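These notes concern the structure reproduced below.
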Amino acid sequence: MPERLLYLGNGPKLETVAKLGERFECLGLEVERRWAYAGDFPEDLGSYDGIFLSGSPHGAYENIEFIKREHDLIAEAAERDLPMLGICFGSQILASALCGRDQVFRRSRCEIGYMDLPVTPEAANDAIGAELGAHVRMFVWHNDEVRSEHDDMTILAYSDDCPNQIWRYRDQCIWGIQGHPEIDENQAPIWFEENRKRMEKDGADVDLLKAQADPALSAKTMLSRFADVLKSGSRN
6 MPERLLYLGN GPKLETVAKL GERFECLGLE VERRWAYAGD FPEDLGSYDG IFLSGSPHGA
66 YENIEFIKRE HDLIAEAAER DLPMLGICFG SQILASALCG RDQVFRRSRC EIGYMDLPVT
126 PEAANDAIGA ELGAHVRMFV WHNDEVRSEH DDMTILAYSD DCPNQIWRYR DQCIWGIQGH
186 PEIDENQAPI WFEENRKRME KDGADVDLLK AQADPALSAK TMLSRFADVL KSGSRN
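The following block contains the structure:
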C-alpha cells in the first residue's frame with residue numbers, strides 16, 4: 006500500500022492551479038485531501054504517514070476557527086513525529102504552532118517575484134534540501150514572514166529581504182518553505198493572471214512575471230524528496 010499523505014487545503018479553493026495533490030500522487034503517495042479552510046479536518050491522525058499544509062489568504066496569527074484547529078493538529082502531529090511540509094501560509098502556521106505565535110509577523114511591504122535564494126551549508130545534508138545547490142530559484146510572494154531567530158529552527162535558504170525562506174524544525178522531518186516551488190512555467194502565467202489584482206496591489210509587474218515564468222526545477226526537488234521521506238519511513 007502506498008504511504009498516505011494528508012493534504013490540508015487552507016485556501017478558498019481546495020487546490021490551486023499547481024495541483025499539488027496530483028503531483029504528490031504522481032510521486033507515489035496516496036493523498037487524502039481535506040479542506041481545512043472550510044472546517045474539514047480528520048478525526049484522527051493515526052492513518053497518515055505525513056502532512057502537507059497549503060497556502061492561504063489568511064495570517065497564521067488570525068483568530069479564526071480553522072486556524073486554531075490547525076494549530077492543535079500540527080502540535081499533535083509533531084508529537085507523533087509525523088513528517089510535515091508547509092508552503093507559504095503552511096510554513097507560517099507550522100512556525101506559529103511549533104515555535105510560538107509571535108514567530109510570524111506582518112511585513113511592512115510585500116516581497117514578490119522570482120528570486121535566486123542563497124542556500125545555507127546546512128542544506129547539503131538535509132533530507133529535502135540536499136539537491137538545492139548554492140542557490141535555488143523560486144517564486145516568492147508574501148506579506149507575512151517567519152522570524153529566523155529561534156533555537157528550534159535550522160535555516161536552509163534566505164533572501165536579502167527575508168532571512169527565513171526555507172527552514173527545518175529541530176531534527177524532525179518538518180519543513181517550511183516561504184516561496185512557491187510548486188508552480189511550473191506553464192502554470193505560472195495562469196496563476197499570475199488569476200491573482201493579477203492582488204499581485205499588482207503588492208507591487209508586482211504581472212506581465213513581466215508572466216514573461217519570466219520559470220520551471221524552478223531545483224526547487225521542485227524539495228517536493229519529490231519530501232515524498233521520498235514518507236516512502237522511506239525515515240524520521241530523521
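Just so we're aligned, residue 6 is where the sequence shown starts under the working numbering, counting upward by one. Where a beta carbon is used, it is the ideal one built from N, C-alpha and C, also for glycine. For clarity, every value in this text was computed on a predicted model and none was experimentally measured.
Expressed to the nearest angstrom, what Euclidean distance is found between the alpha-carbon atoms of residue i and residue j?
i    : j    : result
D219 : V124 : 19 Å
A100 : A216 : 33 Å
W180 : K202 : 30 Å
Q170 : E48  : 32 Å
L50  : L213 : 43 Å
F46  : C115 : 31 Å
E187 : D149 : 19 Å
A221 : D189 : 7 Å
I155 : V36  : In the sequence as presented, Ile is not what sits at residue 155; that position holds His. Using only the alpha carbons, I get a separation of about 32 Å.
I69  : I98  : 12 Å
E67  : R106 : 10 Å
A139 : E199 : 32 Å
A132 : P194 : 31 Å
F144 : R85  : 32 Å
A104 : T226 : Going by the sequence as given, residue 104 is Cys instead of Ala. Each residue's Cα considered, the two are about 26 Å apart.
In three-state DSSP terms, what is residue i?
i    : result
P194 : helix
S3   : Any property of residue 3 remains undetermined from this structure, which presents the chain solely from 6 to 241.
T226 : helix
M204 : helix
N130 : helix
R152 : coil
D166 : coil
L32  : coil
G184 : coil
H63  : coil
V145 : strand
R106 : helix
L78  : helix
E199 : helix
Y119 : strand
L235 : helix
Using the rule of at least 16 other Cβ atoms within 10 Å of the residue's Cβ for burial, across every protein chain shown, is residue i buried or exposed?
i    : result
H185 : buried
A41  : buried
L13  : buried
M120 : buried
A23  : buried
A91  : Note that residue 91 is Gly in the sequence shown, not Ala. G91 should be labelled buried.
Between which residues of its own chain and residue i is the CB-CB distance below 8 Å, once the five residues before and five after are set aside?
i    : result
E205 : V211
S52  : R9
R39  : L11, Y12, L13, G14, D45, F46 and P47
Leaving aside the five residues before and after residue i along the sequence, list all residues of the same chain whose C-beta is less than 6 Å from its C-beta, in chain order.
i    : result
I117 : W146, D207 and A209
P102 : The sequence shown places Ala at residue 102, not Pro. H76, I79 and A80, listed in sequence order.
F94  : N15, G60 and S61
Quick one: measure Cβ to Cβ for residue i and residue j, integer angstroms, because I've assumed they're closer than 8 Å.
i    : j    : result
Y163 : L122 : 7 Å
L161 : E136 : The pair is not a contact, with the Cβ atoms about 12 Å apart (cut-off 8 Å).
Q192 : V151 : In fact, because the Cβ distance is near 25 Å, the residues do not count as touching under 8 Å.
A224 : R142 : 7 Å
A234 : C178 : A small correction: the amino acid at residue 234 is Val; Ala does not occupy that position in the sequence shown. With 8 Å as the limit, V234 and C178 qualify as a contact, their Cβ atoms being about 5 Å apart.
P88  : G60  : Rounded, the Cβ-Cβ distance is 19 Å, inconsistent with contact.
F57  : L25  : 7 Å
Taking 7 Å as the limit between beta carbons, can you name the residues of its chain near residue i, skipping five residues before and five after?
i   : result
A4  : Residue 4 lies beyond the residue range present for the chain, which begins at 6 and ends at 241; the question has no answer from this structure.
T21 : W196
L19 : R38 and W40
G16 : Y42, S59, G60, S61 and P62
So, does the CB of residue i fall closer than 7 Å to a CB anywhere in chain B?
i    : result
H140 : Note that chain B does not occur in the displayed structure, where there is just one protein chain.
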